[in-house]
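> Here it is: the structure, laid out below.
There are 2 protein chains.
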Amino acid sequence: MPDTPSPNPTLDEAYIATVRDLLKEGRQQALAEALADLHPSDAADLFASFTPDEQVTLFSLLDRETAADVLVELDRESREDLIDRIRPDALQSTLAELEPDEAADVLGEMEPDEAAEALAGLEDRSEIAELLEYPPDSAGGLMTTEFVTVPEAATVREAIARARGASETAHRDYLYVTDTAGRLVARVELIKLIVSPPETPIRNIMDTDVHAVPVDMDREQVADVVRRYNVLAVPVVDPQTNHVKGIITVDDVIDVADQEAAEDMYRLAGTGATDPLHQPVWKRAWLRLPWLLITLLPGFLVGQIMRWLGYDPGGTTALLLFVPVMIEMAGNVSLQSSTVMVRGLAMGDLRSYRLTSILGREVAVALLVGTVCAAVSGAVGYIFFGHDTGFAVVVAFSMLCGVLSAAITGTLVPLGCHRVGVDPALASGPFVTSLNDIVGTLIYLGLGARLLVLFH
Amino acid sequence: MPDTPSPNPTLDEAYIATVRDLLKEGRQQALAEALADLHPSDAADLFASFTPDEQVTLFSLLDRETAADVLVELDRESREDLIDRIRPDALQSTLAELEPDEAADVLGEMEPDEAAEALAGLEDRSEIAELLEYPPDSAGGLMTTEFVTVPEAATVREAIARARGASETAHRDYLYVTDTAGRLVARVELIKLIVSPPETPIRNIMDTDVHAVPVDMDREQVADVVRRYNVLAVPVVDPQTNHVKGIITVDDVIDVADQEAAEDMYRLAGTGATDPLHQPVWKRAWLRLPWLLITLLPGFLVGQIMRWLGYDPGGTTALLLFVPVMIEMAGNVSLQSSTVMVRGLAMGDLRSYRLTSILGREVAVALLVGTVCAAVSGAVGYIFFGHDTGFAVVVAFSMLCGVLSAAITGTLVPLGCHRVGVDPALASGPFVTSLNDIVGTLIYLGLGARLLVLFH
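Protein sequences, first through last, are from chains A and B. Its first residue numbered 2, the first sequence is counted upward by one per residue in my numbering. Its first residue numbered 2, the second sequence is counted upward by one per residue in my numbering.
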């Protein structure tokens, strides 16, 4: 009997602890049994709690079919790590279990020569090779080739025979109807085959509203079509011949919709347009840095504009000219961190991480970008304030502190809100910004008042 | 033969112009024919180009089934407008065409007494009334009650008979298997009924991994379950009895995923957590105002902190103390506008609006919030700068100008990027912020230098 589950029923702390113990004791048989009933999505989540080497052991104990699904469900970074560590023949037998479009997705991420080697041993290699030709974010890159067509002249009986004869993994909620030249003309719903007498011509029950998309359509537009017409799948056609090349199912479209929304959020926040939670620290820093540097320079320009307009108070009070850039940077850094947290919480991506690890990684990213921004700020400050080393040190050091404190609040406030049941998105935006403004100003001007005494 | 469509194939300018002409000439027969082949989603988009009164005419010319679907596809504001204008019997006959969950959604938005009146005339009113009891953002509020169950002891032949006998609109991609006490035990895929011999016991082909969700689960968690397990539908059960109360299909979940992502984005940007493009100007202003006021006060506090730390340059140069709050507000306002644009573009919601209308509405919102913020800023400035009217006027007027210019850049930059094929999200964040910082500072301090001469 099914439980009414929490979103992730099987992956509780006790279960993870059991797996950890069995791993340590090397009890492979018991471990294989413990893993046997795990859904692939849950298994992929479980992997996040273990080291790469332990993952290899766990992976080898899954049955080949589950292992293949786990490979697909893992985030890209973990998948690449795992593929690097397992033996080529284990990889081959896993890939053989995948549908051609999934195999193409995995191979498309690998080094070209390794992918070519793995591909060579696969049964449906020509199909996979063809799929690899399409750009990953086109309809062709998203589609699966496991679909069923039926000739326009067929009867329900013949269509049912076709559906029965197709591969078990083929999508058969819709069958696609083609004319004698192989061109797509309509689709027929599986249920209509069941409710119609066997001799009914397919023509009488088919639906010509197929909402076909061309192979080169952008995946975002494909998502738009599926969303718009509430269909379970859309056929992908060659725009010249109107032959069906594949289909895109609604579950792939949800992933696209989620990814596109995340991409927009990350881009608005300037965190680089990828999957920040699963990237190594240096890469996250590298992707965020350009957006911070882009706002750093106009920030200093604002200080210069103040001076041009005749607002230079002179002396220590000249530090006021850089308050805007300090506040601006703290705002950007905390928006980057809080956006990653809010999106990660919404997508359930943070479930398998510990708080200290999340915070630690965000702080490490902040240390890297903060050091670069501090160096730039110090240099600009040195020139701006008449080659005064004291000013330069205050500006650089405050920049580093401001970036660090912004990253910490930007990470902790959304996570804290989530824990106490307040919507993290609602609280994070304005609250975090204001907090950072005040803290940033206190650090900068407070430090300034004290540090400059030492230098002068 | 199907075309390979652009995302919205039928709704070109020429078609809209034709409909407009036919409407003007009052040629109802020709108009009905022009509307006949329109998909409900496209018809709903078409309505956006016409006045409420014209919409009533168009609505009356659609066949009842299409009209019902159009009512569901319209945005909430337009739907409420339309319902207010059509005759009660037209509304009744439209509602009768809807599935119970859709009817409940429409009725749930209406005034309680009007909803009760409309409900009284409907055939499946008890079912709809039950659905109305569930909160709109729970699993119960999202589910449809048109599903098919089959007893555990049945054979494939009996299950097929059940599927055949069900309502045409029922979802039958999965059938739900119950025990003798009516409790959910498993699901069976429709295709398995087709590929299995008629006398096969359902027990042999059913799948006990049903991923049931309780009626009171939050819709965001439901979306998580569907996304996670790649299913076409999840059953919704009473957590006490484990009886199936309804099902939630994947197309409803896409909408949830999109809405939740939009909600998070709007919340991070502080625009109020609803559907900003389809709300009247005053409401958009009202929803954004709290977030602006919340950041306004800490912004002034930063100025005060500067003074406490001993950084008051005095004279006209004291205007520097409010540069942070000016920049902060411009940043918030432009983030609000650009987030609404970026999300609107991504969801295709802006397709049916003209540029001047989008910009005009954003500027109107900015005028409203800008006036309130200017008044508050002027008052704070008056007190802050020793009851000096000149300072107060400069602060208030600059705040208004800064908010207006931020709304304009925040609207035009994403739309401009979209037009020239640059990702609006990518360009909007850092670019718009920097632009506003510089423009805001120039306005505030430039105006200050000139205006204060007049007052002193």
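Cβ coordinates follow ideal geometry from the N, Cα and C atoms, glycine included.
Between residue 203/A and chain B, is any beta-carbon pair separated by less than 8 Å?
Taking Cβ atoms only, chain B never reaches closer than 8 Å to residue 203/A, which makes this a no.
> Considering only DSSP beta bridges, list what residue 139/B is partnered with.
Paired residues: 219/B.
> In the DSSP output, which residue or residues are listed as bridge partners for residue 187/A?
Beta-bridge pairing links residue 187/A to 178/A.
> Compare the beta carbon distance of residue 407/A and residue 437/A with 8 Å and say whether it is the shorter of the two.
A contact, by the Cβ cut-off of 8 Å.
> I'd like to know if residue 266/A contacts chain B, where contact means its C-beta is closer than 8 Å to some C-beta of that chain.
Judged by the 8 Å Cβ criterion, residue 266/A is in contact with chain B.
> Roughly how many angstroms separate the alpha carbons of residue 8/B and residue 143/A, rounded to a whole number?
Only weak support is given to the placement of residue 8/B: the predicted model assigns it a pLDDT of 40, under 50, and the value that follows is read from those uncertain coordinates. Between residue 8/B and residue 143/A, the C-alpha separation is close to 17 Å.
> Can you grab the Cα-Cα spacing for the pair residue 402/B / residue 365/B, in whole Å?
For residue 402/B and residue 365/B, the distance between alpha carbons rounds to 13 Å.
> For the region 192-208 of chain A against the region 156-164 of chain A, are there 3 or more C-beta pairs whose distance is under 8 Å?
Yes, since at least three Cβ pairs between the region 192-208 of chain A and the region 156-164 of chain A fall closer than 8 Å, the two stretches touch.
> Please confirm whether residue 255/A has its beta-carbon closer than 8 Å to some beta-carbon of chain B.
Output row for residue 255/A: interface = yes.
> Please say whether residue 426/A and residue 268/B have beta carbons closer to each other than 8 Å?
Against a cut-off of 8 Å, the Cβ pair of residue 426/A and residue 268/B comes out as a contact.
> Give me whichever residues DSSP pairs with residue 148/A in a beta bridge.
Answer is 172/A.
> Of all the CB atoms in chain A, is at least one closer than 8 Å to the CB of residue 230/B?
Yes, its Cβ sits closer than 8 Å to a Cβ of chain A.
> Here's the rule I'm using: 16 or more other beta-carbon atoms within 10 Å means buried, otherwise exposed. How should residue 34/A be labelled?
Classification of residue 34/A: exposed, given that the 10 Å Cβ count is below 16.
> Could I get the ranges of all uninterrupted alpha helix (DSSP H) runs contained in the region 271-338 of chain A, with 4 residues as the minimum, in chain order?
List check, alpha helix (DSSP H) in window: 282-309.
> Is the CB of residue 442/B under 8 Å away from at least one CB in chain A?
So yes, residue 442/B belongs to the interface.
> DSSP three-state label for residue 234/A, please.
In the structure shown, residue 234/A sits in a strand (DSSP, three-state: E or B).
> Once DSSP output is grouped into helix, strand and coil, what is the label at residue 27/A?
Reduced to three states, the DSSP call for residue 27/A is coil.
> With DSSP as the reference, please indicate the residues paired to residue 247/A in a beta bridge.
In the DSSP output, where bridge partners are listed per residue, residue 247/A has 237/A.
> Compute the Euclidean distance between the alpha carbons of residue 391/B and residue 358/B, then round it to the nearest angstrom.
About 36 Å.
> Starting from residue 207/A, trace the alpha helix (DSSP H) in both directions and tell me its first and last residue.
Looking at the DSSP string, residue 207/A is not in any alpha helix (DSSP H), and its letter there is neither H nor E.
> With a threshold of 8 Å between beta-carbons, can residue 320/A be considered close to chain B, or not?
Closer than 8 Å: yes.
> At a Cβ threshold of 8 Å, is residue 302/B touching chain A?
Chain A, which has a Cβ nearer than 8 Å to the Cβ of residue 302/B, makes this yes.
> Got a sec, what are the start and stop residues for the alpha helix (DSSP H) residue 1/B sits in?
The shown model of chain B, from 2 to 457, leaves out residue 1/B, and the question about it has no answer.
> Alpha carbons only, please: which of 98/A, 232/A, 432/A, 377/A is nearest the one belonging to residue 252/A?
It is 232/A.
> In angstroms with no decimal places, state the Cα-to-Cα distance between residue 32/B and residue 52/B.
Those two C-alpha atoms are separated by around 16 Å.
> What is the rounded straight-line gap between the Cα of residue 96/B and the Cα of residue 47/B?
Their Cα atoms are separated by approximately 21 Å.
> In whole angstroms, what separates the C-alpha of residue 308/A from that of residue 334/A?
One C-alpha to the other measures close to 27 Å.
> Which residues of chain A have a Cβ atom closer than 8 Å to the Cβ of residue 307/B, listed in chain order?
Here the neighbours are 321, 324, 442, 446.
> Taking just the CA atoms, how far does residue 107/B sit from residue 330/B?
Residue 330/B and residue 107/B: Cα-Cα distance of roughly 38 Å.
> To the nearest angstrom, how far is it from the Cα of residue 291/A to the Cα of residue 327/A?
Their backbone Cα atoms lie some 17 Å apart in a straight line.
> Please work out which residues of its chain come closer than 8 Å, Cβ to Cβ, to residue 442/B, disregarding the five sequence neighbours upstream and downstream, and give them in chain order.
Correct list, in chain order: 324, 327, 328.
> Whose Cβ in chain B lies nearer than 9 Å to the Cβ of residue 312/A?
Chain B residues near residue 312/A: 314, 317, 318, 320, 321, 324, 446, 449, 450.
> My output table needs one value for residue 214/B: the three-state DSSP class, helix, strand or coil.
Correct three-state label for residue 214/B: strand.
> Around the C-beta of residue 25/A, are 16 or more other C-beta atoms found within 10 angstroms, so that it is buried, or is it exposed?
With fewer than 16 other Cβ atoms within 10 Å, it is exposed.
> If you measure from the CB of residue 399/A, is any heavy atom of the ligand MN nearer than 7 Å?
Annotation note on the ligand MN: not contained in the displayed structure, which lists no ligands.
> Looking at the secondary structure, which residues open and close the alpha helix (DSSP H) in which residue 100/B lies?
Run containing residue 100/B: none; DSSP gives neither H nor E here.
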